[in-house]
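According to mature numbering (1 follows the signal peptide of the UniProt record, and there is no 0), the stretch in the sequence shown is residues -22 to -1, 1 to 698, in order. Even glycine gets a Cβ: it sits at the ideal position worked out from N, Cα and C. Nothing here was measured: the structure is a model prediction, and the numbers come from that model.
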Amino acid sequence: MRHLLAFLLLLLSVVVPQAARADTGYDLWLRYQPLDRRQADAVQHRAAYLVAEGNSPTLAAATEELRRGMSAMLAPHSFAVAGSAMRNGAVVIGTPQSSPIVAALGLPLAKLGAEGYLIRSATTAAGARITVIAANQDVGVLYGVFAFLKRVQLGQSLDNLDIADAPRLKVRVLNHWDNLDRYVERGYAGQSIWDWQKLPDHKDPRYTDYARANASIGINGTVLTNVNANADVLRPEWLAKVKALAGVFRPWGIKVYLTARFSAPIELGGLKTADPLDPKVAAWWKAKVEEIYRVIPDFGGFLVKANSEGQPGPNDYKRTHADGANMLADALAPHGGVVMWRAFVYAAENPDDRHKQAYTEFQPLDGKFRDNVLVQVKNGAIDFQPREPFHPLFGAMPRTPLMMEFQITKEYLGFATHLAYLGTMWEEALQADTFRPTRGWTVARVLETPVEPGAATGMAGVANIGSDFNWSGSQFDQANWYAFGRFAWNPEARAEPIARDWAAMTWGSDPAIVDPIVAMMMGSREAVVNYMTPLGLGHLMATGHHHGPGPWIADLARPEWNPVYYHKADAVGIGFDRTATGTNAVAQYAPEVAAQFGDVKRVPEQFLLWFHHVPWDYRTRSGRSLWDELVTHYDRGVGTVAAMQASWEGLKGKVDDARWSEVRDFLAIQRQEAGWWRDASIAYFQSVSKRSLPTGHAAPPHDLDWYKAIKTPYAPGNGK
Ligand code: BDP
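This is the structure we're talking about:
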């Protein structure tokens, strides 16, 4: 008996600590799991110890990350930081300035720019086989170290390495829509991670992990505050807090930016106006910017939402967006800062198709912005819908740096609980051909090509980060943060290999794990499109929080707030006529694109109802009527979610239980909400089309009024 007790206690002592260490997902894709023995031996043969010369904060960060990652993955082998003695298996990191060894190798670094890196296998004069991670600047070394760690995580060979890589865009930033009270607009992952109340005196260690994660995917800037801006962050006591964050991020190559509320000169400066052409206003901003740079010498600049959804801006004074942006740009230019000026505008009293308004307002301003202004354009002309055609401004402002704005947080794609990998959506947008000036000028190419040598380029992602253990509100939403960084580094990247890298690093490199996860991810966004907004529909979500379906909503003050404005379903048919017989929004695209989108026979069916109003019995490419096709898409969407659930069941026991269970629960929520979308949408559109359901497709279990009565006023993330 006593033996049995002792045995049970022993068992408990083994089991309990493991259970207590349930995996939360906090480590993101930087899990550095131990390699199996065979792999560890092979890696150790190539990478046994680290030689790091030089002692800048960035090189120290790179050194520590390499030591941390390699010693975890190589255990029980060690991976020590050693002096400069060169034996087989040395990993040498540095720049020609920091490291005499790197300098002596005479590496071809010139083409790599400030942030690129090179990873090479080399042999010293004395015959030692070493690996060199080198760059022109320390931050390039840091990126090279993360690339090297990724290779090891993915089990890729370290033999005969000759890798050179550099980012294709300069400004690669997250946009946090975080308010100063830690509420995150469109946030589904808890409170803002910026604990302003405790800053600057307490710096949460999480800030460092945030910086590590971003640096690992090449993100080099972060806008800390919401585009719906609060001028208070520009006050001295707040700048001290911003300075503290900037200090944590700096070694990781990350600059801080702030949103600038256009009326700040009135609110903080006591001026009577914020007119950008008023010298007193310009002087106020100039002094404010000088103050910021005294506190944060490498401050990145401002992000501005002006004259959009109630925000103040230059139009209030009959000035253009260029007048407003240039005034701020002039204040920032002497310090090397930039202005990211958003093109997301649609005016309250403008009756024109919302799709057209940003182009109408910004395109004529091409060439009128200062060099340090980037115009930040959302991927589509409406608003981060599950699917939109690319924004017509891309390619249409050849003399103005345009940067992409993607939304990583899934405001319109099911919040945190719907599994939707956005890599496929972003690849689709980036690979769209603008035909400006000619065929082959994809959105990616437009973004990558500086308007003149040295001009700014960039990409922004609206962050999905909050203080949840798992950072992003769900395990799979981490993949969207990860993918954003990869696309910002290289807009020509592809969604599938990115998903593969992420899955292997996050869940385990066994193909029996990676393959089903990648398959789930690759089909996931299309599932959301199918059960929410198939065939080019868009903006059918419930009001305000955008949670759940609301295609029937027709009573909001402004026409373009109402879902009925977007689908225009009536007894005859459905869809928004944006051709020459309608609003002619297609004319904002290059003629080749306009001809395709504008022709009901040639438009990709995924955009059919975005550009055309077609009868319910219109014959689609499958041979089915439009009505039958619509119903088929809804069911396909729900079916894909059911298939994801089945795949996930197959991974039980192959990945850790804690994360597995969370994903299982979220998929169940998604399945239920996909059904809700499908049923409510069919019930509503059927009330308009008066058609019966095609055979094999079940009627919604409730009548339309039942779905209309569902209200979720406390759904998270609504603006306030
Ligand atoms: C919309 C969001 C709103 C944002 C706005 C923007 O609903 O919360 O403020 O975009 O991008 O998608 O400014």
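Subject >> Limits of the unbroken beta strand (DSSP E) element including Glu327 >> reply: Bounds of any beta strand (DSSP E) do not take in Glu327, whose DSSP letter is neither H nor E.
Original post:
Span of the alpha helix (DSSP H) holding Thr203?
Top reply: Taken as a continuous stretch (DSSP letters only), Thr203 belongs to no alpha helix (DSSP H), as it is neither H nor E.
Original post:
Are the region 123 to 140 and the region 84 to 97 touching, with three or more C-beta to C-beta distances below 8 Å?
Top reply: Flag = yes, the region 123 to 140 and the region 84 to 97 touch.
Original post:
What is the DSSP secondary structure of Val507, counted as helix, strand or coil?
Top reply: The answer is helix: DSSP assigns Val507 an H, G or I state.
Subject >> Contact check, Gly516 vs Glu366, beta carbons under 8 Å >> reply: Contact annotation: Gly516 and Glu366 have beta-carbon atoms nearer than 8 Å.
**OP:** Count the C-beta pairs between the region 484 to 500 and the region 224 to 235 that are closer than 8 Å, then say yes if the count reaches three, no if not.
**Re:** They do not touch, by the three-pair rule.
Original post:
Can you list the beta strand (DSSP E) stretches of 3 or more residues lying completely in the region 149 to 199, in chain order?
Top reply: Within the region 149 to 199, the runs of beta strand (DSSP E) at least 3 residues long that lie entirely inside it are, in chain order, 149 to 153.
Subject >> C-alpha distance - Gly444 paired with Ala549, whole-angstrom precision >> reply: Rounded to whole angstroms, Gly444 to Ala549 spans 45 Å at the Cα level.
**OP:** Following the continuous alpha helix (DSSP H) through Trp684, name the residue where it begins and the one where it ends.
**Re:** For Trp684, the enclosing alpha helix (DSSP H) has its first and last residue at 682 to 686.
**OP:** Check the DSSP bridge columns for Lys630 and list the partner residues they point to.
**Re:** DSSP, once it has assigned bridges, lists Val633 as partnering Lys630.
**OP:** Measure the C-alpha to C-alpha separation of His55 and Gly105 and round it to an integer number of angstroms.
**Re:** Distance between the alpha carbons of His55 and Gly105: 24 Å.
Original post:
In whole angstroms, what separates the C-alpha of Glu31 from that of Ile111?
Top reply: Going by C-alpha positions, Glu31 is about 12 Å away from Ile111.
Subject >> Where Glu430 falls, given that 16 or more other Cβ within 10 Å makes a residue buried >> reply: By the Cβ neighbour-count rule, Glu430 is exposed, with fewer than 16 other Cβ atoms within 10 Å of its own.
Subject >> Same chain, Cβ closer than 6 Å to Val282, neighbours up to 5 away in sequence not counted >> reply: Sequence-distant partners of Val282 (beyond 5 residues in either direction) whose C-beta falls short of 6 Å from its own C-beta, in its chain, are Ala238, Trp319.
**OP:** Evaluate Ser286 with the Cβ neighbour count: other Cβ atoms within 10 Å of its Cβ, from every protein chain shown; 16 or more gives buried, anything less gives exposed.
**Re:** Buried: at least 16 other Cβ atoms inside 10 Å.
Original post:
Going along the chain, which residues of its own chain have a beta-carbon closer than 7 Å to the beta-carbon of Arg599, five neighbours each way excluded?
Top reply: Cβ within range, chain order: Glu583.
Original post:
If we count the other Cβ atoms within 10 Å of its Cβ and call it buried at 16 or more, is Glu383 buried or exposed?
Top reply: So Glu383 ends up on the buried side.
Subject >> Continuous beta strand (DSSP E) stretch holding Lys356: start and end >> reply: Segment 351 to 356, the beta strand (DSSP E) holding Lys356.
Subject >> Nonlocal neighbours in the same chain, by C-beta distance under 7 Å from Ile360, ignoring five residues either side >> reply: Cβ within range, chain order: Arg332, His333, Glu366, Gly516, His517.
Original post:
Going by Cα to Cα distance, which pick from Ser450, Pro379, Ser452, Pro364 is closest to Val421?
Top reply: Comparing Cα-Cα distances from Val421 to each of Ser450, Pro379, Ser452, Pro364, the minimum goes to Pro379.
Original post:
Can Pro12 and Ala50 be called in contact, C-beta distance under 8 Å?
Top reply: Contact: yes.
**OP:** Spell out a yes or no on whether the region 682 to 697 and the region 658 to 665 are touching, meaning 3 or more CB-CB pairs, one atom from each, closer than 8 Å.
**Re:** A contact exists between the region 682 to 697 and the region 658 to 665.
**OP:** Confirm the yes/no value for this check: CB of Glu366, any heavy atom of ligand 1, distance under 7 Å.
**Re:** Within 7 Å of the C-beta of Glu366 there is not a single heavy atom belonging to ligand 1.
Original post:
At which residues does the beta strand (DSSP E) containing Glu383 begin and terminate?
Top reply: Glu383 -> beta strand (DSSP E) spans 380 to 385.
**OP:** Could you please give me the residues that DSSP links to Ala68 through a beta bridge?
**Re:** Partner(s): Tyr27, Ile108.
Original post:
According to DSSP, which residues form a beta bridge with Met403?
Top reply: In the DSSP output, where bridge partners are listed per residue, Met403 has none listed.
Original post:
Residues bridged to Ile531 by DSSP?
Top reply: Under the DSSP definition of a beta bridge, Ile531 lacks any partner.
**OP:** Using beta-carbon positions only, say whether Val149 and Asp156 come within less than 8 Å of one another.
**Re:** If you check the CB distance, Val149 and Asp156 do not come in under 8 Å.
Original post:
What's the gap between the Cα of Pro275 and the Cα of Thr561?
Top reply: For Pro275 and Thr561, the distance between alpha carbons rounds to 48 Å.
Subject >> Validate contact between the region 187 to 200 and the region 243 to 256 using beta carbons, cut 8 Å, 3 pairs >> reply: The region 187 to 200 vs the region 243 to 256: no contact.
**OP:** State the Cα-Cα distance for the pair Ala260 and Thr73, rounded to the nearest angstrom.
**Re:** Roughly 41 Å between the two C-alpha positions.
**OP:** Out of Thr2, Ala624, Val234, point me to the one whose CA is closest to Arg649's CA.
**Re:** That would be Ala624, whose Cα lies nearest to the Cα of Arg649.
**OP:** Compute the Euclidean distance between the alpha carbons of Arg503 and Arg272, then round it to the nearest angstrom.
**Re:** When rounded, the distance between both Cα atoms is 45 Å.
**OP:** Give the secondary structure of Gly697 by DSSP, where H, G and I count as helix, E and B as strand, and everything else as coil.
**Re:** In the structure shown, Gly697 sits in coil (DSSP, three-state: anything other than H, G, I, E or B).
Original post:
What does a CB cutoff of less than 8 Å around Ala224 pick up in its chain, not counting 5 residues either side in sequence?
Top reply: Scanning its chain for C-beta atoms nearer than 8 Å, with the 5 sequence neighbours on each side dropped, one finds around Ala224 the residues Lys233, Val234, Ile274, Asp276, Phe277, in chain order.
Subject >> Per-residue burial, Glu339 [other beta carbons within 10 Å of its own, 16 or more giving buried] >> reply: So Glu339 counts as buried.
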